[in-house]
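**Q** The structure that follows is given in the form of structure tokens.
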Amino acid sequence: LIDEVRNSGVRIMQAITVWAAFDHDHIAAYDAKQRYIFKPKELVLATGAYERGIPMPGWTLPGVMTTGAAQTLLRSYAVSPGKEVLVSGNGPLNLQMAAELSKHGTKVVALVESGRIFSPLSILLTLALAVISPSMSLRGLGYFLTIKRAGIKYFSGAAVSSFTGSTKVQLAIVTGK
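Using the numbering used here, read the sequence shown as starting at 1 and increasing by one per residue.
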């Protein structure tokens, strides 16, 4: 696939930072050597992904980590981030992480999802995904069934608002639904 894209005549520029979009066809960017103004007919920005821990009371206590950090521990080193884990945040990675931790033998005390996955819009988008990518939808359904079978509490439309503890996380305060 990469070779097909390279041979298609598409101009590929990597390690470019886009710093402004003045209009849909006026993009300012730079790399280590020069500055660019793009005025394309069509443009694909592949930004990658990153996690951002949200500062809140107790977020620096030992035991608080991002889902990606927990995933790295589990997948790369077969190490659980703890004996009892609460998974929280927004998005499908959290559902997947809760299911994988449970299969690994970790006690997942709850999955707290800030999105409202049972809203009419979420259900409609889920059905659209099932049409577009049946295999991805089936994987998601498998994760959901895994957490249900494991008896993991699932909170939709809720979020962790703080952590408490003296030397490590002992309690997470969940607000919302």
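C-beta: ideal position from N, C-alpha, C; glycine also. Given the structure is predicted, the values throughout are model-derived calculations rather than measurements.
1) According to DSSP, is G89 helix, strand or coil?
2) When DSSP labels each residue in this structure, what does E4 get in the three-state scheme?
3) For I173 versus S156, is the C-beta spacing smaller than 8 Å?
4) Can you give me the C-alpha to C-alpha distance between A46 and K39, rounded to a whole angstrom?
5) Tell me which same chain residues have a C-beta within less than 6 Å of the C-beta of N90, skipping the five on either side of it?
6) Going by DSSP, what residue range makes up the beta strand (DSSP E) through R139?
7) So who's on the other strand from Y154, going by DSSP bridges?
8) Determine the extent of the alpha helix (DSSP H) in which A77 is found, giving its start and end residues.
9) Distance check for L74 and L95, CA to CA, integer angstroms please.
10) Is I16 helix, strand or coil when you go by DSSP?
11) Keeping to the same chain, check which residues put their C-beta closer than 7 Å to that of P81; ignore five residues upstream and five downstream.
**A** So, from the listed chains and residues:
1) strand
2) helix
3) no
4) 17 Å
5) S114 and G115
6) Segment P134 to R149 is the alpha helix (DSSP H) holding R139; no beta strand (DSSP E) there.
7) L111
8) Sequence inspection shows Tyr at residue 77; the Ala mentioned does not correspond to that position. T67 to Y77 is the span of the alpha helix (DSSP H), which, as asked, contains Y77.
9) 15 Å
10) coil
11) M65, A70 and L73
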